[in-house]
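A.B. asks:
Numbering (the numbering used here), first residue to last: 10 to 442.
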């Protein structure tokens with residue numbers, strides 16, 4: 010029977026006594042063998058010493074790297090650079106190899122003075138961009154840094170506070186809503202950096218707040234085109250759910266001069282896209298803990314689901330902001346209390362005239378929606394020329410009962426006068442009952 014001696018306990022003292030006894034016997038009975046053993050030991054020692062010296066000289070001995078000696082782009086769990094560091098290095102070389110412009114897109118166009126767009130990101134950590142037609146339309150310059158989100162995509166951080174999502178495909182780049190191609194090679198940019206040691210660029214407070222949490226829509230309106238929930242990721246991508254989770258999609262997003270640029274991939278979550286890729290630009294701002302995004306209101310996901318909240322600037326009037334609180338969900342034939350607040354956000358006085366809320370049946374077409382039925386006025390208010398000073402609000406409550414089923418238009422009109430002219434401020438929503 011084979012015995013596994015490797016796992017048997019060993020008595021060190023007993024082992025030593027046995028070894029000494031055996032050695033004495035060897036000396037007594039086999040003196041000649043001693044000379045042979047000593048010769049072998051001597052030869053092994055000489056070979057070991059020579060091998061050590063040779064290995065040390067040629068740096069072949071394995072060494073344990075300390076944290077200080079490991080390159081920052083080196084994965085300590087592997088002997089190879091990480092995939093993300095490889096992606097970032099490749100993207101850095103692509104971004105800085107040449108300028109990016111739209112000359113091929115506007116070449117030969119018959120339009121008068123098309124806008125020429127030029128962008129440059131250099132290895133010295135600076136950037137410059139310009140839009141020019143028959144006059145300067147815009148420009149910017151400063152420092153830049155970036156993060157990779159994949160082998161061909163990432164986000165560029167600018168010292169202006171902007172964050173531009175991008176994807177490079179062959180000789181083309183999609184950058185913050187722009188479609189650009191390769192232009193002039195960048196041959197000398199002075200002192201250069203690598204992808205891993207570009208000077209740090211701090212992200213803006215708005216970017217940090219947008220990416221700090223997930224956002225959900227605060228009302229049940231326009232679900233055919235606006236995300237029910239959206240998450241802005243720090244790597245320049247977003248994930249959005251539509252129609253309360255019936256459809257989801259992901260794409261690029263950017264923050265540029267106070268606006269978000271959201272790339273719509275080829276997917277039918279947004280009814281307007283019709284299966285085509287396009288970009289949506291929208292002013293974005295924070296109202297306390299709430300987010301105004303694509304002309305609608307979003308709140309952190311912990312916001313009470315039963316609390317509906319509508320926000321509108323009345324089609325960019327820049328005078329009156331409207332907020333309406335109601336109980337979710339809106340149901341056909343069930344009375345709902347609308348708590349309405351109208352605030353003068355301009356620097357001059359505004360005179361409130363009237364308010365009306367109406368419902369009209371909708372019919373969906375290939376081009377969107379069209380009204381298909383009688384307009385039903387649900388509530389009205391005569392303000393009798395209430396004068397609102399800057400920052401002042403007017404509050405009122407209306408009981409609203411919607412009827413019918415399917416999709417209909419919810420339209421809210423607010424008539425008021427500014428210092429120089431009257432306004433018919435309004436907002437139109439798609440409501441599905």
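A virtual CB, placed ideally from N, CA and C, is assigned to each residue, including glycine.
Give the C-beta separation of residue 149 and residue 164 to the nearest angstrom, bearing in mind that I take them to be a contact with Cβ-Cβ under 8 Å.
C.D. replies: Looking up residue 149 in the chain shown gives position 140. Looking up residue 164 in the chain shown gives position 155. Actually they do not touch by this definition, with Cβ atoms about 17 Å apart.
A.B. asks: Could you give the distance in angstroms between the alpha-carbon of residue 233 and the alpha-carbon of residue 299?
C.D. replies: Position 224 of the chain shown, counted from the first residue, corresponds to residue 233. Position 290 of the chain shown, counted from the first residue, corresponds to residue 299. Roughly 22 Å between the two C-alpha positions.
A.B. asks: Is the segment 118-133 close to the segment 189-204, with three or more CB pairs under 8 Å?
C.D. replies: The segment 118-133, when compared against the segment 189-204, does touch it at the 8 Å Cβ threshold.
A.B. asks: Helix, strand or coil for residue 254? Go by DSSP, reduced to three states.
C.D. replies: Stepping through the chain shown from its first residue, residue 254 is reached at position 245. Three-state result, residue 254: helix.
A.B. asks: In the DSSP assignment, the alpha helix (DSSP H) including residue 387 goes from what residue to what residue?
C.D. replies: Here the question's residue 387 lines up with position 378 in the chain shown. Looking at the DSSP string, residue 387 is not in any alpha helix (DSSP H); the run it does join, the beta strand (DSSP E), is 385-397.
A.B. asks: Ordered along the chain, which non-local residues of its own chain (more than five positions away) have a Cβ less than 6 Å from that of residue 7?
C.D. replies: This structure cannot settle anything about residue 7, because the visible part of the chain is limited to 10 through 442.
A.B. asks: DSSP state of residue 218, grouped into three classes?
C.D. replies: Taking the first residue of the chain shown as 1, we reach residue 218 at position 209. Residue 218 falls in the helix class under three-state DSSP.
A.B. asks: Per the DSSP calculation, residue 110 is bridged to which residue(s)?
C.D. replies: Sequence index remark: in the chain shown, residue 110 carries index 101 (1-based). BP columns for residue 110 point to 127 and 190.
A.B. asks: Report the residue from 322, 262 and 383 whose alpha carbon sits nearest the alpha carbon of residue 435.
C.D. replies: The residue you call residue 435 lines up with position 426 of the chain shown. Residue 435 has its Cα closest to that of 322, out of 322, 262 and 383.
A.B. asks: How close, in whole Å, do the beta carbons of residue 273 and residue 254 come, if the pair is a contact with beta carbons under 8 Å?
C.D. replies: Taking the first residue of the chain shown as position 1, residue 273 is located at position 264. Taking the first residue of the chain shown as position 1, residue 254 is located at position 245. Not really, about 18 Å apart at Cβ, beyond 8 Å.
A.B. asks: Go to residue 403, then tell me how far its beta strand (DSSP E) extends in each direction, as first and last residue.
C.D. replies: By one-based count along the chain shown, residue 403 stands at place 394. From DSSP, the beta strand (DSSP E) with residue 403 extends over 402-410.
A.B. asks: Within a Cβ cutoff of 8 Å, which residues of the same chain sit near residue 229, ignoring the five residues on either side of it in sequence?
C.D. replies: If you number the chain shown from 1, residue 229 lands on position 220. Hits under 8 Å: 317, 337, 338, 339, 440 and 441.
A.B. asks: Taking C-alpha atoms, which residue in 147, 366 and 241 lies nearest to residue 221?
C.D. replies: Here residue 221 refers to the residue found at position 212 when the chain shown is read from its first residue. Considering only alpha carbons, the answer is 241.
A.B. asks: Where does the unbroken beta strand (DSSP E) through residue 359 begin, and where does it stop?
C.D. replies: Residue 359 sits at position 350 when you count from the first residue of the chain shown. Counting along the chain, the beta strand (DSSP E) containing residue 359 begins and ends at 359-374.
A.B. asks: Take the Cβ of residue 399 as the centre, count every other Cβ of all protein chains shown within 10 Å, and call the residue buried at 16 or more, exposed below.
C.D. replies: Here residue 399 refers to the residue found at position 390 of the chain shown. Classification for residue 399: exposed.
A.B. asks: Ignore the nearest five residues each way along the sequence and tell me which others in residue 154's own chain have a CB closer than 8 Å to its CB.
C.D. replies: One-based indexing of the chain shown puts residue 154 at position 145. Excluding residues within five positions, the ones whose Cβ falls inside 8 Å are 134, 165, 166, 207, 208, 209 and 210.
A.B. asks: Whose C-alpha, out of 416, 419, 429 and 113, is nearest the C-alpha of residue 357?
C.D. replies: The residue given as residue 357 occupies position 348 in the chain shown. It is 429 whose Cα lies nearest to the Cα of residue 357.
A.B. asks: For residue 311 versus residue 243, is the C-beta distance shorter than 9 Å?
C.D. replies: Taking the first residue of the chain shown as 1, we reach residue 311 at position 302. Taking the first residue of the chain shown as 1, we reach residue 243 at position 234. No.
A.B. asks: Do you know offhand how far residue 291's Cα is from residue 305's?
C.D. replies: Start at 1 with the first residue of the chain shown, and residue 291 comes out as number 282. Start at 1 with the first residue of the chain shown, and residue 305 comes out as number 296. Approximately 10 Å between the Cα atoms of the pair.
A.B. asks: By the three-class DSSP mapping on this structure, what secondary structure does residue 425 have?
C.D. replies: For the purposes of this step, residue 425 is taken as residue 416 along the chain shown, with counting starting at 1. Correct three-state label for residue 425: strand.
A.B. asks: What does DSSP give as the partner residue(s) for residue 259 in the beta ladder?
C.D. replies: Here residue 259 refers to the residue found at position 250 of the chain shown. Residue 259 pairs with 248.
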